[in-house]
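Have a look at the structure below before the remarks.
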Amino acid sequence: MKKRRVYNILNIVTVITVTMFFSCNDSFKQVQKIGISENEPIGVDYNINLKYTDSGRVKANLLSAKRLDYSNRDFPFMEFVDGVTLYVFDDENKKSTVVADYGIVYSNTDLIDLQDNVVITTHDGRVLKTDQLFYDQKKEWLYTNKPVEFKTEQDLIKGNGFDSNSKFTNAEVLEVTGIITLEE
70 MKKRRVYNIL NIVTVITVTM FFSCNDSFKQ VQKIGISENE PIGVDYNINL KYTDSGRVKA
130 NLLSAKRLDY SNRDFPFMEF VDGVTLYVFD DENKKSTVVA DYGIVYSNTD LIDLQDNVVI
190 TTHDGRVLKT DQLFYDQKKE WLYTNKPVEF KTEQDLIKGN GFDSNSKFTN AEVLEVTGII
250 TLEE
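Listed below in structure tokens is the structure:
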């Protein structure tokens with residue numbers, strides 16, 4: 070009788086354990102979202118001054134008044150709502166500047182979308198102005214299909230669209246609408 074009772078208790082414990090094991094799931098992400106609306110950022114940062122270094126040298130410095138972190142979404146991104154300024158330093162420590170009134174960085178695709186009064190000034194004096202510019206971080210490629218002004222040493226080129234690598238060694242204004250030759 071005692072053996073049968075122990076056997077029944079052991080069966081009950083086994084059934085409960087197996088039931089609990091199969092009913093468990095990974096709810097860590099659900100726990101993280103408790104109290105956070107999916108439309109709200111998971112974090113807000115103010116007065117950002119981020120520096121990216123490589124081998125002890127500053128390669129980039131990002132400044133922004135406000136960043137919203139939406140990494141809690143299925144397609145995570147960071148939004149710079151009050152503008153962004155980025156200083157990029159080459160191997161010879163020459164500085165190029167990127168300024169925009171608004172920016173979004175998409176984490177999954179490594180795509181940066183800069184909007185409104187986008188101005189890039191390279192270390193050698195070339196200036197690109199447009200209302201929207203995309204930067205593909207994986208391919209290190211800049212592009213837009215919006216109207217642009219691109220000032221080189223000799224010319225001010227206007228057009229609809231722009232393509233270039235990140236070093237501007239093959240910068241090209243697409244659908245050129247005008248070229249003004251600058252006097253030296």
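Just add 69 to wherever you are in the sequence shown, counting from 1, and you've got my numbering. Glycine included, C-beta positions come from ideal geometry on N, C-alpha and C.
May I have the straight-line CA-CA distance separating Ile226 from Pro145, to the nearest angstrom? 36 Å
Rounded to a whole number of angstroms, what is the C-alpha to C-alpha distance between Asp200 and Asn141? 28 Å
Say whether the region 121-129 touches the region 147-154, bearing in mind that this needs 3 or more beta-carbon pairs closer than 8 Å, one atom from each stretch. no
Find out if the Cβ-Cβ distance for the pair Val167, Leu155 is shorter than 7 Å. yes
Please identify the residue among Leu202, Glu241, Gly172 whose C-alpha is closest to the C-alpha of Ala134. Gly172
According to DSSP, Leu211 sits in a beta bridge with which residue or residues? Tyr204, Ser233
Among all the DSSP beta bridges, which residues are the ones paired with Arg126? Paired residue(s): Asp123.
What residues in its chain sit with their C-beta under 8 Å from that of His192, if we drop five residues either side in the sequence? Asp159, Lys163, Lys164, Ser165
Which residues does DSSP list as the beta-bridge partners of Arg136? Arg136 has Asp114, Phe149 as its beta-bridge partners, per DSSP.
If I follow the unbroken beta strand (DSSP E) through Ala240, where does it start and stop? Secondary structure note for Ala240: it is in no beta strand (DSSP E), with a DSSP letter that is neither H nor E.
Among Phe203, Ser176, Asn214, Tyr139, nearest to Val113 - alpha-carbon criterion: Tyr139
According to DSSP, is Leu251 helix, strand or coil? coil
Residue from Lys236, Ser176, Leu243 whose Cα sits closest to the Cα of Ile189: For the set Lys236, Ser176, Leu243, the Cα lying nearest the Cα of Ile189 is the one of Lys236.
Rounded separation between Lys208 and Gly247 - CA only: 29 Å
Closest Cα partner of Val242 within the set Ile249, Glu252, Phe231, Thr250: Phe231
Compute every distance between the C-beta of Glu109 and the non-hydrogen atoms of the ligand MG, then say whether any falls below 6 Å. Absence of the ligand MG from the depicted structure is noted, as is the absence of any ligand whatsoever, leaving it without description.
Hey, could you find the ends of the beta strand (DSSP E) Ser165 is sitting in? 164-169
Apply the 10 Å Cβ neighbour rule to Arg136 and answer buried if 16 or more other Cβ atoms are within range, or exposed otherwise. buried
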